[in-house]
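Data first, discussion second: the structure below is written as structure tokens.
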Amino acid sequence: MSVKGFIFDLDGVITDTADYHFEAWKNLASNYGITIDREFNEQLKGISRMDSLNRILEFGGRKTEFTEAQKEAMAAEKNGEYVKLIEKMTPEHILPGVLDFLTELKKHNYLLGLASASKNGPVILERLNLSGYFDTIVDPSLLAKGKPDPEIFLTAARQLGLKPEECIGIEDASAGIESINKAKMFSVGVGDKESMKEANYRLSNTSELSLEKILNRLS
């Protein structure tokens, strides 16, 4: 079956907001006597806000101390700081090769979807001047399960009006690759060999994104 759509993760694939997420989570954790470092922050890539918070609280031995309402307030506090940080973003924060790749895909009439665990995806795309490239954006707040469950990629395909096998998913986190694979899509991973070992096709970085090379791997 021919490919008709591409579905993108956001962080690490289109732009890199990892430092903003880390700063916001680190500050929140510190408020509750928990210290996290960049190594721990790697565990939070690709997963939802609440899943990230639960991992931090578990790491600090405080997972059972808060009600769901309290945790919602904590997550909102983190997001408030994160939103202030991403207001600094401009098109200069688009990762290398991404704009050319998106332009190439639209030139060939592919449908594009965003499947990010970040509820701030639409805002970030606007800051990067990329909103016009995407035909649909999945709202993660409406999903029952986060990555590595395939729901987010299956939802993106459905919103594009495509079958999963007509889509290619692009991710930089192992949880995201697992999500794409479970959705029965061709997976393109951006990152090192170990974390991207389950990807159907691996790139070291976004500057290597090429429609021709990806389609050649499908044949």
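Numbering of the sequence shown is given in my numbering, commencing with residue 39 and proceeding in unit increments. Yeah, the Cβ is synthetic: ideal placement off N, Cα and C, and Gly gets one too. All of these numbers come straight from a predicted model, not from anything done at the bench.
Residue of the options minimising C-alpha distance to residue i
i	options	result
Leu48	Glu119, Ser40, Leu123 and Lys83	Lys83
Leu283	Leu91, Asn69, Leu168 and Glu236	Nothing about residue 283 can be reported from this structure: the residues present for the chain run from 39 to 257 only.
Gly170	Ala221, Gly184 and Leu137	Leu137
Thr141	Ser257, Met234 and Ile52	Ile52
Met223	Glu130, Asn69 and Ala194	Ala194
Ala221	Phe139, Gln197 and Asp187	Asp187
Gly43	Glu246, Lys144, Asn219 and Gly159	Lys144
Leu198	Glu236, Asn238, Asn219 and Leu149	Leu149
Ile208	Leu200, Val228, Lys201 and Leu192	Val228
Met234	Ala153, Ser217, His146 and Ser179	Ser217
Range covered by the beta strand (DSSP E) that runs through residue i
i	result
Leu291	No information on residue 291 is available, as it lies outside the stretch 39 to 257 that the chain covers here.
Phe224	Phe224 to Val228
Glu269	Outside the shown range of the chain, which is 39 to 257, sits residue 269, and nothing can be said about it.
Phe44	Gly43 to Phe46
Gly151	Leu149 to Leu152
Whole-Å CB distance - residue i paired with residue j, under 8 Å assumed
i	j	result
Asp25	Gly50	Because the chain spans 39 through 257 in this model, residue 25 falls outside it and cannot be assessed.
Ile203	Met39	Sequence check: residue 203 is Glu here, not Ile. Between Met39 and Glu203 the Cβ distance is about 5 Å, and since that is below 8 Å, they are a contact.
Phe97	Ile74	7 Å
Gly159	Leu152	5 Å
Continuous alpha helix (DSSP H) stretch holding residue i: start and end
i	result
Ser90	Arg87 to Phe97
Gly159	Gly159 to Arg165
Leu143	Val136 to Lys145
Ser60	Going by the sequence as given, residue 60 is Phe instead of Ser. It spans Ala56 to Asn69 - the alpha helix (DSSP H) in which Phe60 sits, taken as one unbroken run.
Ala221	Looking at the DSSP string, Ala221 is not in any alpha helix (DSSP H), and its letter there is neither H nor E.
Gly118	Glu106 to Ile124
Taking contact to mean at least 3 C-beta pairs separated by less than 8 Å, is the stretch 51–64 in contact with the stretch 115–130? Short answer: they touch.
Below 8 Å, how does it come out for the stretch 204–224 and the stretch 80–94: are there three or more Cβ pairs, yes or no? The stretch 204–224 and the stretch 80–94 touch, with no fewer than 3 CB-CB distances between them shorter than 8 Å.
Any contact of the stretch 112–121 with the stretch 60–80, i.e. 3+ C-beta pairs under 8 Å? Note that the stretch 112–121 touches the stretch 60–80; at least 3 beta-carbon pairs, one per stretch, sit closer than 8 Å.
Spell out a yes or no on whether the stretch 67–79 and the stretch 240–251 are touching, meaning 3 or more CB-CB pairs, one atom from each, closer than 8 Å. Touching, no, given that fewer than three Cβ pairs across the two stretches are closer than 8 Å.
Of all the alpha helix (DSSP H) runs that stay within the bounds of the stretch 171–203, which reach a length of 4 or more residues? You should have 189–198.
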